[in-house]
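In what follows, a single structure is set out as structure tokens and then discussed.
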Ligand SMILES: Cc1cc2nc3c(=O)[nH]c(=O)nc-3n(C[C@H](O)[C@H](O)[C@H](O)COP(=O)(O)OP(=O)(O)OC[C@H]3O[C@@H](n4cnc5c(N)ncnc54)[C@H](O)[C@@H]3O)c2cc1C
Ligand SMILES: Cc1cc2nc3c(=O)[nH]c(=O)nc-3n(C[C@H](O)[C@H](O)[C@H](O)COP(=O)(O)O)c2cc1C
Ligand code: SF4
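Protein chains in written order, with this note's numbering: chain A, 643 to 1078; chain B, 745 to 1179.
So, in structure tokens, the structure goes:
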């Protein structure tokens, strides 16, 4: 059996699955239920500075995007950081850590951009016995308008400055949680590293309006007839998060910076993908909020089964293993030629591949043969784009097969088994000489 | 089969419970939106099935219903009575995985939704002042009348009965169309305007065909099949023997099922939809034993496998390879039936004890009407009117469609299509006269 135990910036947990800072981690009650269910750790719901806590709206704070069977695929919220007093949170954290010493307990923090404010809260958190802190530079709504959250996360200089303060006032590991609401995630990650942060975690939620109520002519969720933009998360954001994690992992400046992967993780496979692209552990919010804590059983058993099947005994054996394969477009081999092949036995003759290719692409799939419905790829036209595969409702019915010899009937060019990319391509005005 | 309801209350419960909004959204998601979709080709009325399902999927059942009604104004009834297992759903590309998209129920969801809204899906064109007579207010007649009215023509819709609807009202099994749906649908169809219903008028008796021909610019015959095939065996005149269509008609019009006499041991002779419907409904009415006696083997039975299973699930016994030879009785009342059973080349004779016998061996054109139509120069074969692909009666200036005409199966949906096609042909002819 694979060993799922995890160590992330020195913080140990029995598995790499932490609950992200959000409602599931807002109170001792929830966190204890999560630990009973088997979660490896939690990042406590973001704490604010001493003083009267923030207030949340008293109406709907969530909105959702659904697939046809009402399966939730995108989730949006306008919730703020914890609306409970700092002291209650600290007391509960202390008790929980005492009761669950083998689980990770990380405090998420968001205080005004002043050195003293950060110093005060770090001292208070350290006293609870928490394993580390996560700086919430990500929240895109409400807090940003007050100069916190993503307002800090969007300015690399602030990230570096606050990280440096934190490292100065605590020995706990410091994780910087990044906002995706920027153009190039490598800059805030580099800033965190420059400030001495031990790790980054990403992504926080994406700025979004989930829907518009067409009767009331207002964005949803609606508070007394008005709506504000909120943070988007859930399965739909996973591709965006994966790319951002990979960008940081393959950036030479941050390649050695540990990453906690977050964003749309719903099944063990999602988690494995984050880990493969360089995450050291993962955090989950929406999936838990949708299905409850019990999904941890699917996450751990699935990951463990896959590791057994693949011959991995520990997470570190495959963490980051796909990073080297994530390259820039210009590094892709242009001599690699594939053609779509339709397996006639499993084809159900729905015609979707034909109409997709015919209407919107390369006219490379027939629709009839001897007067019968029949779908077959015309190699002379097929550019190998994979559109037919993506629209086919039958799994494995259409496959992309590499041409290993002969010549491509579309271009007439002989198949060349040597690697050659755009940088050396004759059509590239700024090509360089091939070295191979 | 969704769930088996038993007893006479089952007569007023939908055989397939309708889908609610959520079920419909989930089911519609299963449709692949096929290109040049096979289901569309399989629908006799050419409803754009992938399109209406996609409209349901986007939570727009009103538009979905318009898509349906634009080709089939009786889409509501068809959603209830079409043998989808041999039509659209059979053609669905997901049939092979054993679970085709439930097109019939989705159609019902959209059409029910629309009909509850009280709107009408089609706007009538400006009145043309042209008059058309339609004979028979069954599905073929209603479909033709509606399409003609939509083109602005004035339609007089004759029916010999006091209630419109044809077999929708008098023949379709009760559990396929409960809660007076047939009459609600007639009202819905008439909402377009321009259709004048003349009930209780038998064409050929109360008004002559010649008169129709003189007074209207076009005439469409959709009189269905008014006569039943007779079984000529000894004892057939005994009390307790009756025609299954008449039995179903009485049941459909019955207000109090307690008062319907069905008998304890019922035999139904025949192998089609009517035989099955009569047997299942007899069972629901409380008959203890119901047996369908069919001459041929199971594979030859006209009733689909689905219908055969439906009957069996309701406790109806299906007997194959049996020919009735004589009805036996006492004091004028049926007591049993002598049958010959053919098995493995051998024949055995036996007598079944029954107190009620229903005969369902097919219907044909009303003989008197048939004679009159022949006199008008119409071409009949196999007891039905011959028509061309536009619904024109071969050798005359009339149109015909539905069960009384040849071509296509005897189904509600076929009748609707033939009515629609004839209406377009009539419209083209009336418009051509003008220019
Ligand atoms: C018992 C039974 C069950 C059936 N079940 C199904 C089913 O589940 N699904 C399905 O698709 N099909 C079913 N059918 C077949 C379907 O009902 C018919 O195919 C369809 O009704 C034919 O429509 P129509 O308009 O041609 O004729 P009809 O529905 O028979 O209508 C003909 C109308 O013409 C009127 N008429 C007759 N003569 C004259 C006259 N001289 N003057 C004026 N009016 C006249 C009649 O009163 C009647 O109203 C069933 C049929 C029967 C008998
Ligand atoms: C209702 C809600 C409240 C959240 N509150 C916080 C918060 O207080 N602090 C924080 O760092 N992230 C917060 N998040 C962001 C999550 O921690 C997480 O980064 C994001 O939801 C992406 O992960 P997911 O796709 O698994 O949900 C919140 C998310 C949700 C849905
Ligand atoms: S791979 Fe692209 S071009 Fe080739 S057949 Fe499929 S859709 Fe058409």
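The beta-carbon is built from N, C-alpha and C at its ideal position, and this holds for glycine as well.
Figure out for me which residue from the options has the closest Cα to the Cα of residue i.
i                      : options                           : result
residue 913 (chain A)  : A:957, A:859 and A:950            : A:957
residue 891 (chain A)  : A:668, A:968 and A:743            : A:968
residue 882 (chain A)  : A:823, A:1020 and A:926           : A:823
residue 1045 (chain B) : B:1057, B:1014 and B:1071         : B:1014
residue 1101 (chain B) : B:991, B:832, B:968 and B:750     : B:991
residue 832 (chain A)  : A:752, A:809, A:960 and A:797     : A:797
residue 984 (chain B)  : B:1033, B:960 and B:1072          : B:1072
residue 712 (chain B)  : B:803, B:1063, B:787 and B:1026   : Since the first residue shown for chain B is 745 and the last is 1179, residue 712 (chain B) is missing from the structure and cannot be characterised.
residue 792 (chain B)  : B:813, B:806 and B:1173           : B:813
residue 978 (chain B)  : B:912, B:1080, B:967 and B:899    : B:1080
residue 938 (chain B)  : B:1165, B:851 and B:899           : B:899
residue 876 (chain A)  : A:836, A:841, A:757 and A:929     : A:929
residue 1044 (chain A) : A:1076, A:1062, A:1025 and A:1032 : A:1025
residue 970 (chain A)  : A:909, A:1064, A:699 and A:693    : A:1064
residue 1154 (chain B) : B:959, B:945 and B:1047           : B:1047
residue 645 (chain A)  : A:898, A:1020 and A:947           : A:947
residue 929 (chain B)  : B:821, B:1164, B:1039 and B:976   : B:821
To which residues of the same chain is residue i closer than 7 Å at the C-beta, ignoring the five residues directly before and after it?
i                      : result
residue 773 (chain B)  : 801
residue 1162 (chain B) : 884, 1135, 1145, 1146, 1149 and 1152
residue 1068 (chain A) : none
residue 1056 (chain A) : 1049
So with CB distances below 8 Å, who are the chain B contacts of residue i?
i                      : result
residue 875 (chain A)  : Ordered by position in chain B, no residue passes the 8 Å Cβ test against residue 875 (chain A), which lies about 23 Å from the chain.
residue 711 (chain A)  : 769, 770 and 773
residue 1004 (chain A) : Neighbours of residue 1004 (chain A) on chain B: none; closest Cβ ~16 Å, over 8 Å.
residue 994 (chain A)  : 776, 777, 778 and 779
Since I believe residue j is in contact with residue i (beta carbons under 8 Å), could you give me their beta-carbon distance rounded to a whole number of angstroms?
i                      : j                      : result
residue 996 (chain A)  : residue 986 (chain A)  : Actually they do not touch by this definition, with Cβ atoms about 14 Å apart.
residue 784 (chain A)  : residue 844 (chain A)  : So it is not a contact: roughly 20 Å between Cβ atoms.
residue 808 (chain B)  : residue 794 (chain B)  : In fact, because the Cβ distance is near 11 Å, the residues do not count as touching under 8 Å.
residue 835 (chain B)  : residue 775 (chain B)  : With 8 Å as the limit, residue 835 (chain B) and residue 775 (chain B) do not qualify as a contact, their Cβ atoms being about 13 Å apart.
residue 907 (chain A)  : residue 926 (chain A)  : 5 Å
residue 1070 (chain B) : residue 1056 (chain B) : Their Cβ separation, rounded to whole angstroms, is 28 Å, which puts residue 1070 (chain B) and residue 1056 (chain B) out of contact at 8 Å.
residue 756 (chain B)  : residue 918 (chain B)  : 7 Å
residue 818 (chain A)  : residue 777 (chain A)  : 5 Å
residue 983 (chain A)  : residue 1040 (chain A) : 7 Å
residue 1259 (chain B) : residue 897 (chain B)  : Because residue 1259 (chain B) is not part of the residues shown, which for chain B are 745 to 1179, the question remains open.
residue 1026 (chain B) : residue 1010 (chain B) : 5 Å
residue 650 (chain A)  : residue 922 (chain A)  : 5 Å
residue 956 (chain B)  : residue 908 (chain B)  : Not really, about 18 Å apart at Cβ, beyond 8 Å.
residue 877 (chain B)  : residue 832 (chain B)  : That pair is no contact at about 33 Å.
residue 709 (chain A)  : residue 748 (chain A)  : Not really, about 33 Å apart at Cβ, beyond 8 Å.
residue 853 (chain A)  : residue 705 (chain A)  : 6 Å
Spatial neighbours of residue i within its chain, please: C-beta separation below 8 Å, excluding the five flanking residues on both sides.
i                      : result
residue 746 (chain B)  : Caution is warranted here: a pLDDT of 45 is assigned to residue 746 (chain B), below 50, making its placement in the model unreliable, and no coordinate value can be reported.
residue 973 (chain B)  : 1105, 1106, 1107 and 1108
residue 1033 (chain B) : 1008, 1009, 1010 and 1061
Since residue i meets chain B, which of its residues come closer than 9 Å, beta carbon to beta carbon?
i                      : result
residue 991 (chain A)  : 778, 782 and 837
residue 1009 (chain A) : 779 and 780
So which residues on chain A does residue i lean against when the C-beta distance must stay under 8 Å?
i                     : result
residue 810 (chain B) : Chain A residues near residue 810 (chain B): none, gap ~20 Å exceeds 8 Å.
residue 801 (chain B) : 710
What does residue i touch in chain A if you count any residue whose Cβ is under 9 Å from its own?
i                     : result
residue 766 (chain B) : 711 and 712
Taking Cβ-Cβ distances shorter than 7 Å, what residues in chain B pair up with residue i?
i                      : result
residue 997 (chain A)  : 779
residue 1035 (chain A) : 776
Could you work out which residues of chain A lie near residue i, taking near to mean beta carbons separated by less than 7 Å?
i                     : result
residue 840 (chain B) : 990
Is there at least one non-hydrogen atom of ligand 4 closer than 7 Å to the beta-carbon of residue i?
i                      : result
residue 1064 (chain B) : Questions concerning ligand 4 fall outside what the structure shown contains, since the ligands it does hold are ligand 1, ligand 2 and ligand 3.
Could you name the residues of the same chain whose beta carbon sits closer than 6 Å to that of residue i, not counting the 5 residues immediately before and after it, in chain order?
i                      : result
residue 1171 (chain B) : 895
residue 654 (chain A)  : none
residue 1160 (chain B) : 789, 816, 818, 883 and 887
*asked:* If we require 4 or more residues per run, which alpha helix (DSSP H) segments fall completely within the region 717-755 of chain A?
replied: For the region 717-755 of chain A, whole alpha helix (DSSP H) runs of length 4 or above, ordered along the chain, are 728-741.
_Runs of 4 residues minimum, wholly inside the region 655-707 of chain A: which ones carry the alpha helix (DSSP H) assignment?_
DSSP runs (the alpha helix (DSSP H)) wholly in the region 655-707 of chain A: 670-679.
_Which runs of the alpha helix (DSSP H) at least 4 residues long sit entirely within the region 1069-1120 of chain B? Give them in chain order._
List check, alpha helix (DSSP H) in window: 1111-1119.
*May I have a chain-ordered list of the beta strand (DSSP E) segments no shorter than 3 residues that lie completely inside the region 1039-1072 of chain A?*
Every beta strand (DSSP E) stretch that sits fully inside the region 1039-1072 of chain A and reaches 3 residues is listed by chain position as 1040-1044.
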